[in-house]
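Asks: Let me give you the structure first, and then I'll get to my questions.
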Amino acid sequence: MCVDLFPICRSITGNGVRQTLSYIKDLLPDLQLHEVPSGTKAFDWTVPKEWNVKDAYIIDPDGDKVVDFQKNNLHLVGYSVPVRKTISLEELQEHLYSLPEQSSAVPYVTSYYSPRWGFCITHERRKNLKPGNYHVFIDSTLTDGSLTYGELILPGLSDKEILLSTYICHPSMANNELSGPAVTTYLAKWLTGLDKRIFTYRIIFSPETIGSIVYLSKNLQKMKNNIIAGFNITCVGDNDDYSYLPSRYGNTLADRIALHVLTHTHPDYKRYSFLDRGGDERQYCSPGVDLPVVSVMRTKYGQYPEYHTSLDDLNFISPEGLLGGYYVLKKCLECLETNNTLINTVTCEPQLGQRGLYKTLSMKRDQKNSKDVLNLLAYCDGSNDLIAVADIINRPLWELMPLIEALMKNNLLKALRKNQ
Amino acid sequence: MCVDLFPICRSITGNGVRQTLSYIKDLLPDLQLHEVPSGTKAFDWTVPKEWNVKDAYIIDPDGDKVVDFQKNNLHLVGYSVPVRKTISLEELQEHLYSLPEQSSAVPYVTSYYSPRWGFCITHERRKNLKPGNYHVFIDSTLTDGSLTYGELILPGLSDKEILLSTYICHPSMANNELSGPAVTTYLAKWLTGLDKRIFTYRIIFSPETIGSIVYLSKNLQKMKNNIIAGFNITCVGDNDDYSYLPSRYGNTLADRIALHVLTHTHPDYKRYSFLDRGGDERQYCSPGVDLPVVSVMRTKYGQYPEYHTSLDDLNFISPEGLLGGYYVLKKCLECLETNNTLINTVTCEPQLGQRGLYKTLSMKRDQKNSKDVLNLLAYCDGSNDLIAVADIINRPLWELMPLIEALMKNNLLKALRKNQ
Amino acid sequence: MCVDLFPICRSITGNGVRQTLSYIKDLLPDLQLHEVPSGTKAFDWTVPKEWNVKDAYIIDPDGDKVVDFQKNNLHLVGYSVPVRKTISLEELQEHLYSLPEQSSAVPYVTSYYSPRWGFCITHERRKNLKPGNYHVFIDSTLTDGSLTYGELILPGLSDKEILLSTYICHPSMANNELSGPAVTTYLAKWLTGLDKRIFTYRIIFSPETIGSIVYLSKNLQKMKNNIIAGFNITCVGDNDDYSYLPSRYGNTLADRIALHVLTHTHPDYKRYSFLDRGGDERQYCSPGVDLPVVSVMRTKYGQYPEYHTSLDDLNFISPEGLLGGYYVLKKCLECLETNNTLINTVTCEPQLGQRGLYKTLSMKRDQKNSKDVLNLLAYCDGSNDLIAVADIINRPLWELMPLIEALMKNNLLKALRKNQ
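Going down the list, the protein sequences come from chains A, B and C. Numbering (the working numbering) for the first sequence: 1 to 420. Numbering (the working numbering) for the second sequence: 1001 to 1420. Numbering (the working numbering) for the third sequence: 2001 to 2420.
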């Protein structure tokens, strides 16, 4: 999937986005594609004109094509206006972007809301440009069109929703951001195949910032009423860190779930602050929106040198990296589906031995056997949900679940929420 | 007292318990003994049949008595059913319990709720058993009878109660558990002799688990209404640690008192988690019971190698060890009796000098003299009880009491609770 | 100012206090001087008789004036009763005060509320006193008079008040206490000159303890209703530490402001406990008064060896030291004037680019530019005041103010309090 989608020229609008969503719809047939016309108001924002590119290049004084959009779509500054002219190297320099400290990387540059044109090249190449006249050609269109996003609603037993949101606006870069759409697609396929879902899943594939703002402007009230936890899915494909970026105050169910899963699966995960944010949690967690959304990532955007350059390519991600991102998010969703508030049904400890839940022979070495059972019975007192109980006991919820199910089957614990 | 009681064969029921309680009643004449018939329901539990043993031994192929209940009652698995037969060594092995890692210790094993028989021996002895036929003999009875516990209520000025609870179900072991009944007995004697008790004391000598469950089933509502703090008294006889095990959420008056006393008397005490629990706090702190009960111990059960073996004998405890346990618990009770919420009677600082509470000559070196007085006046603002004030000031309550009494006598502080 | 005021013999009453306040009134013409007659009741206290001294000395057996009040008014114990007699060295010794561990220092000693007389001398001098008869002479008066304090009210747009309080009762000592009146005077001059004050300022120059108690007894209800933050200004003239001493529970606006300013201006400041208090915060923060008052100091009283001796002289303080104390308190007042609760006016992030508040070109290296703007918009959600927002963002409020003003001008933030 990443290999197929990598070469497509995506931006916040345009045919590259449609082509990408169409590819995903082949994998998730229930995905709904929405088109929002240019000029549509969304809170403080307006949907911009649609941008499409046929070709773009620079020809040097020797007649060589020194920069070619066809070879790498990062070469063109995103949302560049059309241009066709011959200019001096000095004038050209004002439209070139490169990274002196990463001289072999093509940077990723955009100018969505201010009309500009420009090219991104490696600093090595830039230093070798000869004096003389250059022909620059950008065959782009900026016209009234629409912004495209994909939405997949997977109904569950409850109206309460879990949000998954990812970006489809980045051109040829892999971790940020093909890993997000890829992992989200496979999470959606897994969710689709479940026999039973407690919660309804709202899964969004949209361009960053303007996409989530447009989406929120159309769905805010319903989302505020229903969403109990959400995940912004980005940078989930490399082999390095696992990372957590909290919601605005770090105190939501999504935060507790993410911390519980990462603590037990990857205890050396990196914990960021909301001050380190940079993705759509900026919108989902903004005042007045206040959704319980966190980011669970591999190496966080901005924390690896390849970020937002041509070096964030298919070699930077790996099947193992993506699978790691997938598993940790799947574990979060499983914990959410499992979570409930249980309450003890008997006063004092129940007699576990007669129910086969406890060794009947008491001997020094066996004392620790049934600690989990007794701890579950002690802290399932109606004041803690299962994640809180598991946190108190310091055990992963998934390892406690067989015991919890046995205790429920024996009517020693009962659920306060009934729809399971 | 420990020497006298050590040899008695105690269990959760039977004549050993009665004999033990009768001995304690000689020391505490107001102790009430209660008998609860076998078959009585108590929450999820049923009082088991009563178990008594006349004799038990194993005779080896040479005719030697290799294991003899008369020599050490730990040799017999608690609640062993009667048996009289000759069996091979192989078959016998299935009924033997020993500790390979502590080869000179006889383990303590019970099987209260599942009919079994068995013998506990040292691993050294077990390895030297010869092949051949063994005669096993257990002259025990398991009949309808009753569970016996002792209860002593010492009335105070207030109906509010302090709970002391300890175990009388352990056979020949010293720290766990003759230290608990011994220290509790002497605390009760001290309380009995007091001129005035603010609180009513509810003191329970009962078999572990089933005893406290039975007791709670008969007294729960009254206990929930009245008990303001309680102590589970166990493992208070050795010379090593001082230990604290909190209530379920660690936030009760009993927790605050125990921490205050241990912090100032034994600052190197060990602080356990409720997850480390193993005694009757399991019942007292269970959901629906929710009593404010903690354990203040010397070395905690399970934390010393001699625990639940024949090595926990009279050599493991000492008069100094028991006295240390007694003093720290006595200090807790004294702090409870002393505790009150006081409130300042004057706005701004009172003029202490004219009342003889402050040096009248102010000079650099004297500045620290009256810090405690001023701190008491500052934090006795009606929002903190005296334990909280002493914690803020970081001073032991007992060292502040003479000042507090002087301030009350001068009408600078008055008590919100009047019954003192 | 310190040079002029240093030689005056101040005490809690008397002409030295009037002379000092009159000097300050020359600098602050609106300062109101109040006289409270001896015998006036103030809560638990009574205004004492007024004390004035014409002369005092000791003449040794050789006829030499070995101690002379005219040379240093610290030589006389504060509130000494008149005396004129010849006594032996032995009897004299009972009336002498010196510091063996600081043999060249004259200690500062007072006996306000217990009739005494005495002299303070260096320990060096004391050791060299010859046997024989000494003539002691104290020409003091203790008569019905009055206690004098100065009060300056600077009205602001709001009735809500900020309290500044300092001491004018210390004789010839510099850091404790001419630095307090000096810095307070210059803060008052700065406040007087402001175009606009949000808050009303209540500025008190009074004798320590009895002065603040008398003042509170006359103004308590109004102060409790209006004061939102206050500063006890003392020991603000040396070159060493910056120090913070909290209010009784350390949780007031004054505490938050002081911590914010010191954290960003002098991160190595010393943080004391309310248990370390020793000035008029004892009255302002007492139960029933409960004003939000903290002390922001240079080196705290009692923490430097020169404290309360003749060594705390004009060499111990410096213009730089006083200026440092002035600036940090001024910063606190500026933060209070600036502080407000702001709320975001748009849902989701506003489009900052079109308002010139954000770079319109997105490139890797520019990502951090507008963090402050986005963080302000995220945490100005109506639940935090600006100090709290700045604390969350971990940035000094004064550096954020230009951005905050730009955001308000652009109607992206609006104030919940309107009087600015």
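Just so it is clear, CB atoms sit at the ideal spot from N, CA and C, and this is done for glycine as well.
Just to make sure I have the definition right: I need the residues of chain C whose C-beta is within less than 9 Å of the C-beta of B/E1208. Which are they?
Replies: Position 208 of the second sequence, counted from the first residue, corresponds to residue 1208 of chain B. Chain C residues near B/E1208: none, gap ~43 Å exceeds 9 Å.
Asks: Can you name, in chain order, every residue of its own chain whose Cβ lies under 8 Å from the Cβ of A/E35, other than the five neighbours on each side?
Replies: The count along the first sequence starts at 1 and reaches residue 35 of chain A at position 35. So the qualifying residues of the chain are S146, L147 and T148.
Asks: Would you call the region 1026-1045 of chain B and the region 1055-1072 of chain B touching, i.e. three or more CB-CB distances under 8 Å?
Replies: Short answer: they don't touch.
Asks: Could you say which of A/E101, A/D144, A/T143 and A/P131 lies nearest to A/E124 if we only look at CA atoms?
Replies: As a working mapping, residue 124 of chain A is identified with position 124 in the first sequence. It is A/E101 whose Cα lies nearest to the Cα of A/E124.
Asks: Applying the criterion that 16 or more other CB atoms from any shown protein chain within 10 Å of the CB defines a buried residue, is A/R84 buried or exposed?
Replies: As a position in the first sequence, residue 84 of chain A is number 84, starting the count at 1. Classification of A/R84: exposed, given that the 10 Å Cβ count is below 16.
Asks: Can you name, in chain order, every residue of its own chain whose Cβ lies under 8 Å from the Cβ of A/S111, other than the five neighbours on each side?
Replies: Taking the first residue of the first sequence as 1, we reach residue 111 of chain A at position 111. Around A/S111: V77, G78, Y79, S80 and G118.
Asks: I want to verify the contact list: residues of chain A whose CB lies under 7 Å from the CB of C/I2393, in sequence order.
Replies: On the third sequence, position 393 is the one that residue 2393 of chain C refers to. Within chain A, the residues near C/I2393 are L275.
Asks: Could you pull out every residue in the same chain whose Cβ sits closer than 8 Å to the Cβ of A/S212, ignoring the five residues on either side in sequence?
Replies: One-based indexing of the first sequence puts residue 212 of chain A at position 212. Taken in chain order, the residues that qualify are S165, I204, S206, D280, Q283 and Y284.
Asks: Please list, in chain order, all residues of the same chain as B/I1121 whose beta carbon is under 7 Å from its beta carbon, the five residues on each side excluded.
Replies: Within the second sequence, numbered from 1, the residue matching residue 1121 of chain B stands at position 121. Contacts found: V1067, H1075, L1096, S1098 and V1106.
Asks: How many angstroms separate the CA atom of B/A1254 from the CA atom of C/L2163?
Replies: Counting from 1 along the second sequence, the entry for residue 1254 of chain B is found at position 254. Counting from 1 along the third sequence, the entry for residue 2163 of chain C is found at position 163. Whole-angstrom Cα-Cα distance: 42 Å.
Asks: So, does the CB of C/C2009 fall closer than 9 Å to a CB anywhere in chain B?
Replies: Here residue 2009 of chain C refers to the residue found at position 9 of the third sequence. With 9 Å as the cut-off, C/C2009 does not count as an interface residue toward chain B.
Asks: B/K1414 lies in the beta strand (DSSP E); which residues open and close that run?
Replies: Here residue 1414 of chain B refers to the residue found at position 414 of the second sequence. It spans L1413 to A1415 - the beta strand (DSSP E) in which B/K1414 sits, taken as one unbroken run.
Asks: Would you decide whether A/V293 is buried or exposed? Buried here means 16 or more other CB atoms lie within 10 Å of its CB.
Replies: Translated into the one-based positions of the first sequence, residue 293 of chain A becomes position 293. Result: buried.
Asks: Is it buried or exposed, B/D1195, if we count other Cβ atoms within 10 angstroms and call 16 or more buried?
Replies: Here residue 1195 of chain B refers to the residue found at position 195 of the second sequence. That one is exposed.
Asks: Anyone know if the C-beta pair for A/V289 and A/L376 falls short of 9 Å?
Replies: Taking the first sequence and counting its residues from 1, the one referred to as residue 289 of chain A is at position 289. Taking the first sequence and counting its residues from 1, the one referred to as residue 376 of chain A is at position 376. In this structure, A/L376 does not lie closer than 9 Å to A/V289 by Cβ.
Asks: Is the beta carbon of C/N2176 closer than 9 Å to that of C/Y2272?
Replies: In the third sequence, the residue the question calls residue 2272 of chain C occupies position 272. In the third sequence, the residue the question calls residue 2176 of chain C occupies position 176. Not in contact: C/Y2272 and C/N2176 (Cβ atoms no closer than 9 Å).
Asks: Once DSSP output is grouped into helix, strand and coil, what is the label at B/S1179?
Replies: Numbered from 1 along the second sequence, position 179 holds the residue referred to as residue 1179 of chain B. Three-state result, B/S1179: helix.
Asks: Can you pull out the residues from the region 1055-1086 of chain B whose beta carbon lies closer than 7 Å to at least one beta carbon of chain A?
Replies: Result list empty, no residue passes.
Asks: With 16 as the cutoff for other CB atoms within 10 Å, does C/E2405 come out buried or exposed?
Replies: Locating residue 2405 of chain C in the third sequence gives position 405, counting from the first residue. Exposed, because fewer than 16 other Cβ atoms sit within 10 Å of the Cβ of C/E2405.
Asks: List the residues of chain B that C/F2043 touches, going by C-beta distances under 7 Å, in chain order.
Replies: For the purposes of this step, residue 2043 of chain C is identified with residue 43 of the third sequence, where counting begins at 1. Those within 7 Å of C/F2043 in chain B are V1346, T1347 and C1348.
Asks: Out of curiosity, what's the CA-to-CA distance linking B/K1160 and B/A1229?
Replies: Start at 1 with the first residue of the second sequence, and residue 1160 of chain B comes out as number 160. Start at 1 with the first residue of the second sequence, and residue 1229 of chain B comes out as number 229. If I take the Cα positions, the gap works out to 9 Å.
Asks: Quick one, are the C-beta atoms of B/T1338 and B/L1386 less than 9 Å apart?
Replies: As a working mapping, residue 1338 of chain B is identified with position 338 in the second sequence. As a working mapping, residue 1386 of chain B is identified with position 386 in the second sequence. Result yes, Cβ atoms of B/T1338 and B/L1386 sit closer than 9 Å.
Asks: Please list the segments of the alpha helix (DSSP H) lying wholly inside the region 1312-1383 of chain B, counting only runs of 4 or more residues, in order along the chain.
Replies: Within the region 1312-1383 of chain B, the complete alpha helix (DSSP H) runs of at least 4 residues are 1319-1338 and 1371-1379.
Asks: Roughly how many angstroms separate the alpha carbons of A/L372 and A/E349, rounded to a whole number?
Replies: As a first step, residue 372 of chain A is located in the first sequence; it is residue number 372 there, counting from the start. As a first step, residue 349 of chain A is located in the first sequence; it is residue number 349 there, counting from the start. Position check: residue 372 of chain A holds Asp in this sequence, whereas Leu was assumed. Taking the straight line from one Cα to the other gives about 13 Å.
Asks: Give me the subset of the region 211-231 of chain A whose CB atoms are less than 9 Å from a CB atom of chain C, sorted by chain position.
Replies: So the list reads S212, I213, L216, S217 and L220, given in the order they occur along the chain.
Asks: In the DSSP assignment, what are the bridge partners of C/E2161?
Replies: Residue numbering aside, residue 2161 of chain C sits at position 161 when the third sequence is read from its first letter. Partner(s): C/T2200 and C/I2227.
Asks: Taking only the alpha-carbon atoms, compute the straight-line gap between C/N2411 and C/I2343 and give it to the nearest angstrom.
Replies: The count along the third sequence starts at 1 and reaches residue 2411 of chain C at position 411. The count along the third sequence starts at 1 and reaches residue 2343 of chain C at position 343. The straight-line gap from Cα to Cα measures roughly 10 Å.
Asks: Please state the DSSP three-state secondary structure of A/A429.
Replies: The structure shown has nothing for residue 429 of chain A, since chain A only spans 1 to 420.
Asks: Could you please give me the residues that DSSP links to C/W2045 through a beta bridge?
Replies: Here the question's residue 2045 of chain C lines up with position 45 in the third sequence. Its beta-bridge partners are C/A2042.
Asks: Taking the C-alpha atoms as reference points, what is the distance between C/L1996 and A/T299?
Replies: The requested residue 1996 of chain C does not occur in the structure, where chain C is confined to residues 2001 to 2420.
Asks: Counting only C-beta atoms, is C/D2014 closer than 9 Å to chain B at any point?
Replies: Numbered from 1 along the third sequence, position 14 holds the residue referred to as residue 2014 of chain C. According to the sequence as given, residue 2014 of chain C is Gly; it is not Asp. Judged by the 9 Å Cβ criterion, C/G2014 is not in contact with chain B.
Asks: Give the residues of chain C in contact with B/Q1375, contact being defined as C-beta atoms less than 7 Å apart.
Replies: By one-based count along the second sequence, residue 1375 of chain B stands at place 375. Reading off the sequence shown, one finds Asn at residue 1375 of chain B, where the question assumed Gln. Within 7 Å Cβ-Cβ: L2275.
Asks: Identify, in the order they occur along the chain, each residue of the same chain with its Cβ nearer than 8 Å to the Cβ of C/G2250, setting aside the five sequence neighbours on each side.
Replies: Working through the third sequence from its first residue, we reach residue 2250 of chain C at position 250. These residues qualify, in order along the chain: F2274.
Asks: Show which residues of chain A have a CB atom less than 7 Å away from the CB atom of B/Q1283.
Replies: Taking the first residue of the second sequence as position 1, residue 1283 of chain B is located at position 283. Result: C348 and E349.
Asks: Of the choices B/E1090, B/R1202, B/P1115 and B/V1109, whose alpha-carbon is the least far from that of B/S1172?
Replies: Looking up residue 1172 of chain B in the second sequence gives position 172. The residue with the shortest Cα to Cα distance from B/S1172 is B/V1109.
Asks: In terms of residues, what are the limits of the beta strand (DSSP E) holding C/I2404?
Replies: In the third sequence, the residue the question calls residue 2404 of chain C occupies position 404. Here C/I2404 belongs to no beta strand (DSSP E); instead the alpha helix (DSSP H) covers L2397 to K2409.
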